[in-house]
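Take a look at the structure set out below.
Numbering (UniProt numbering), first residue to last: 1 to 508.
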């Protein structure tokens with residue numbers, strides 16, 4: 001507990017968390033503190049004697065929060081870790097009847113008998129109304145998880161002082177904490193659980209889902225559970241709409257300032273379009289996906305939704321590049337009279353005819369104005385078509401080809417189409433010269449796991465790659481230089497790359 005990574009010594013963070021808990025409890029609550037390894041240094045002390053180093057720092061009694069800090073000030077971390085003896089000392093102080101909570105804080109494994117896991121089991125078996133929870137400070141030691149499981153309590157980890165304070169407070173009321181989103185679960189349902197196992201443990205779990213691509217969604221007890229194609233749980237979103245009633249184990253929920261989330265979890269791993277992703281458990285690749293409003297980034301906003309997801313990348317994305325700002329190009333290839341402009345020209349012959357245009361034409365890729373159409377239902381269709389006359393359009397597949405192809409249609413008018421307020425670019429150039437076109441039909445392989453979907457097909461010479469959206473977000477636009485996930489779709493997870501240039505389309 002002397003390691004200085006909380007930041008500061010862990011023992012100081014543990015003291016502060018205990019003080020914070022005491023101030024959060026109602027006045028006159030029975031409260032006590034038992035310490036272990038605080039009076040006899042491990043070096044030079046025989047193990048038999050060191051394993052008796054258990055001290056009641058604050059005897060159980062009506063709480064006087066103002067004195068807790070002073071009573072804990074002199075505690076030092078220096079000896080063995082007789083956790084089992086400490087748990088027994090704690091339970092021995094409790095009244096013989098009535099509910100009570102014991103919460104263990106430790107940053108490592110026990111070094112003394114008795115086995116704390118067995119001690120916790122004996123306590124909860126003898127006194128079912130007494131729960132034993134555990135908070136692993138910068139550790140997920142199996143022995144601590146076992147203490148909580150056998151003690152009928154809650155096991156959580158904490159990586160910094162802010163988390164330790166919040167999670168110690170949550171752990172002292174394990175029944176209430178079971179309704180919150182821990183770093184991996186809600187109640188007895190955890191990310192990664194198989195649908196069949198969840199249904200076996202909960203016979204009233206629904207049998208009729210809705211489908212969203214390769215995901216299946218079940219709504220049960222006012223909470224949305226999303227499963228991947230292998231029927232493994234990948235997302236838990238309490239409330240309607242999903243996430244509106246979510247609350248993390250640390251108390252982050254609707255109305256929480258974004259700065260509090262940053263205090264607890266550090267800088268977000270991604271933050272774009274009103275959604276920020278924070279690490280929940282890096283080892284298990286789980287995250288808290290927080291929707292927010294009132295700011296361009298989470299630090300300036302207020303939380304609106306909280307979702308626990310198995311969507312954390314294997315490693316934290318590199319900081320946004322500090323190079324040149326992404327260039328935004330708006331392509332206008334045809335003027336109001338139907339004449340090619342800005343370096344574009346019309347091919348001399350008719351390329352195609354669409355008799356059933358109502359089924360094959362829609363809003364153009366990257367369209368920023370009305371009057372632009374995408375025609376065709378396959379990857380060989382036209383990405384952007386400008387009106388030339390009432391019967392002719394001039395069409396392009398990519399912004400780098402200056403030749404526009406005439407396309408005739410036989411209907412009196414084109415369908416009414418309205419551009420998106422925030423359209424996705426028609427095409428993209430990466431800093432290494434790779435050119436990418438927005439997906440427009442065609443067959444695609446199974447995308448990488450982690451919320452990725454194919455969004456752009458890319459080419460540099462003879463090398464073919466892809467850009468990927470992630471959890472519905474195509475680009476991170478939080479910095480002047482946009483980034484997007486890039487990869488070959490087969491070897492390794494997609495990684496963020498800087499975007500040199502993006503292309504949109506518009507009519508004059």
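Using N, Cα and C, we set each Cβ at its ideal position, and we do this for glycine too.
Check your understanding: Since residue 362 sits in a beta bridge, which residues does DSSP pair it with?
Key -> 374
Review point. Does the distance from the C-beta atom of residue 79 to that of residue 107 stay below 8 Å?
Key: Cβ distance not < 8 Å, so residue 79 and residue 107 don't count as in contact.
Report buried or exposed for residue 152, applying the criterion of at least 16 other Cβ atoms within 10 angstroms of its Cβ. buried
Taking only runs that begin and end inside the segment 285 to 323, name each unbroken beta strand (DSSP E) of 3 or more residues, in chain order.
286 to 293 and 302 to 309
* So, using beta-carbon positions, are residue 87 and residue 119 closer together than 8 Å? -> yes
key: Cβ-Cβ separation, residue 135 to residue 162 (assumed contact under 8 Å), whole Å   = About 13 Å; that fails the 8 Å criterion.
Residue 287 and residue 309 look like a contact to me (Cβ under 8 Å); what is the Cβ gap, rounded to whole Å? Correct: roughly 6 Å between the Cβ atoms.
Within 8 Å, strictly: CB atoms of residue 306 and residue 243: yes
Practice prompt. Give the secondary structure of residue 61 by DSSP, where H, G and I count as helix, E and B as strand, and everything else as coil.
Written response: strand
Assuming the contact rule is C-beta atoms closer than 8 Å, residue 489 and residue 445 should be a hit. Round their C-beta distance to whole Å, please.
Rounded, the Cβ-Cβ distance is 6 Å, consistent with contact.
What's the call for residue 158, buried or exposed, on a 16-neighbour Cβ count within 10 Å?
buried
Check your understanding: Do the segment 455 to 471 and the segment 386 to 400 meet, that is, are 3 or more Cβ pairs less than 8 Å apart?
Key -> These segments do not touch.
request  = Look at the alpha carbon of residue 228 and the alpha carbon of residue 218, and state the distance between them as a whole number of angstroms.
outcome  = 12 Å
Review point. What are the boundary residues of the beta strand (DSSP E) that includes residue 33?
Key: 30 to 36
Next item on the list: Using alpha carbons as the reference points, say which of 275, 385, 42 and 299 lies closest to residue 264.
Entry: 299
Requested in this report: Tell me, to the nearest whole angstrom, how far the beta carbon of residue 60 is from that of residue 94; I am working on the premise that it is less than 8 Å.
Outcome: 7 Å
Exercise. Helix or strand or just coil, what does DSSP make of residue 176?
Worked result: Three-state DSSP puts residue 176 in a helix.
Next on the checklist: Let me confirm a value: residue 403 is counted as buried when at least 16 other C-beta atoms fall within 10 Å, else exposed. Which label applies?
Outcome noted: exposed
### Query
Does DSSP put residue 196 in a helix, in a strand, or in coil?
helix
DSSP state of residue 249 mapped onto helix, strand, coil
coil
For residue 262 and residue 256, I'd like the C-alpha separation in whole angstroms.
11 Å
ask   = Hey, residue 269 and residue 312 are a contact pair by Cβ (cut 8 Å); roughly how many whole angstroms apart?
value = 7 Å
*residue 199 to residue 191 span [Cα, whole Å]*: Rounded to the nearest angstrom, the gap between the Cα atoms of residue 199 and residue 191 is 14 Å.
What span of residues does the alpha helix (DSSP H) with residue 49 cover, start to end?
47 to 50
Are the beta-carbon atoms belonging to residue 37 and residue 81 less than 8 Å from one another?
yes
### Message
Comparing C-alpha positions only, which one of 325, 467 and 508 sits nearest to residue 495?
### Response
Comparing Cα-Cα distances from residue 495 to each of 325, 467 and 508, the minimum goes to 467.
**Request:** Would you decide whether residue 175 is buried or exposed? Buried here means 16 or more other CB atoms lie within 10 Å of its CB.
**Result:** exposed
_Host beta strand (DSSP E) of residue 281 (start-end)_ = 275 to 281
Exercise. Does DSSP put residue 92 in a helix, in a strand, or in coil?
Worked result: helix
Worksheet item: Taking C-beta to C-beta, are residue 325 and residue 480 nearer than 8 Å?
Response: yes
| task | Compute the Euclidean distance between the alpha carbons of residue 89 and residue 482, then round it to the nearest angstrom. | result | So the two alpha carbons sit approximately 57 Å from each other.
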